[in-house]
């Protein structure tokens, strides 16, 4: 079953913060986050593993709550380049295929 | 540079015709995947392969076929049985359990 992402879309002004959530009905081993610009291929952002630490680089970080079977992506002081559609991909086991969420469309305006 | 190459970038299919989308990777990844993306939608898995000469159906395999004769190559055939093939097709590869690297995609349309 497909993970549920929220919100479906969000519009922010440059410099504002955003949180994107990903919830699964199944127990999770890993959560992957990707960003896709319009008409382009998705680009990997980060992976969170069961029992692992919160990940982050620059102003983008993520958390993974195993008990709640959900992950959140945090974008701080958003930049115009952050615009795109964000997808989470989840896997119940280490070597299993990913199931992707329906995406969250983020638009950053000047 | 290592990467994934999909071709062609645009493809048109006539009614009743089979078409094959190419996907080649030189990242030495074991696993390869095919996804379909419809406008405003997420990625839906068509087929995946974790090892040469073996592949599994994904969530929407009907009307599609694949082969994995070489580690580097994972072509996807869209058959005439697929009644609504118009979509953006993405190929990806990875080491098992690791982040997936995507190709630039093939946009398939019906004539």
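Protein chains in written order, with the working numbering: chain A, 1223 to 1332; chain B, 202 to 312. Beta carbons are placed, not taken as given, at the ideal position from N, Cα and C, and that holds for glycine.
C-beta neighbour in chain B for residue i, strict 7 Å
| i | result |
| --- | --- |
| residue 1306 of chain A | no |
| residue 1326 of chain A | no |
| residue 1273 of chain A | no |
| residue 1225 of chain A | no |
| residue 1319 of chain A | yes |
| residue 1269 of chain A | yes |
| residue 1231 of chain A | no |
| residue 1264 of chain A | yes |
| residue 1323 of chain A | yes |
Closer than 7 Å to chain A by CB, residue i
| i | result |
| --- | --- |
| residue 203 of chain B | no |
| residue 244 of chain B | yes |
| residue 249 of chain B | yes |
| residue 217 of chain B | no |
| residue 305 of chain B | yes |
| residue 209 of chain B | no |
| residue 300 of chain B | yes |
8 Å Cβ cut-off: residues of chain B touching residue i
| i | result |
| --- | --- |
| residue 1260 of chain A | Going along chain B, no residue has its Cβ under 8 Å from residue 1260 of chain A, so there is no contact; the nearest lies around 11 Å. |
| residue 1286 of chain A | Per Cβ cutoff of 8 Å: no residues; residue 1286 of chain A is ~15 Å from chain B at best. |
Within chain B, the residues that residue i reaches when beta carbons sit closer than 7 Å
| i | result |
| --- | --- |
| residue 1242 of chain A | Ordered by position in chain B, no residue passes the 7 Å Cβ test against residue 1242 of chain A, which lies about 13 Å from the chain. |
Enclosing beta strand (DSSP E) for residue i [first to last residue]
| i | result |
| --- | --- |
| residue 255 of chain B | 255 to 258 |
| residue 225 of chain B | 220 to 226 |
| residue 297 of chain B | Element bounds for residue 297 of chain B: n/a, residue is neither H nor E. |
| residue 314 of chain B | As displayed, chain B neither begins before 202 nor continues past 312, which places residue 314 of chain B out of reach and without an answer. |
| residue 1235 of chain A | 1231 to 1235 |
| residue 269 of chain B | No beta strand (DSSP E) holds residue 269 of chain B; DSSP gives it neither H nor E. |
| residue 1320 of chain A | Where residue 1320 of chain A is concerned, there is no enclosing beta strand (DSSP E), given that its DSSP letter is neither H nor E. |
Short Cβ contact (7 Å threshold) for residue i with residue j
| i | j | result |
| --- | --- | --- |
| residue 212 of chain B | residue 309 of chain B | yes |
| residue 248 of chain B | residue 279 of chain B | no |
| residue 298 of chain B | residue 1323 of chain A | no |
| residue 1240 of chain A | residue 303 of chain B | no |
| residue 222 of chain B | residue 236 of chain B | no |
| residue 1251 of chain A | residue 1309 of chain A | no |
| residue 1232 of chain A | residue 1328 of chain A | yes |
| residue 1307 of chain A | residue 1258 of chain A | yes |
| residue 227 of chain B | residue 203 of chain B | yes |
Interface partners of residue i on chain A, CB under 9 Å
| i | result |
| --- | --- |
| residue 240 of chain B | Within chain A, no residue comes near residue 240 of chain B; the closest Cβ sits about 11 Å away, beyond 9 Å. |
| residue 276 of chain B | Those do not exist, as residue 276 of chain B stays about 18 Å from chain A at its closest Cβ, beyond 9 Å. |
Chain-ordered neighbours of residue i on chain A, where CB pairs are closer than 7 Å
| i | result |
| --- | --- |
| residue 291 of chain B | 1263 |
Near the ligand ATP: residue i beta-carbon under 6 Å from a heavy atom
| i | result |
| --- | --- |
| residue 1306 of chain A | The ligand content of the structure shown is nil, which means the ligand ATP is not present either. |
Counting only runs that start and end within the stretch 1246 to 1285 of chain A, where is the beta strand (DSSP E) found for 3 or more residues in a row?
Whole beta strand (DSSP E) segments, 3+ residues: 1252 to 1258, 1265 to 1271, 1277 to 1279.
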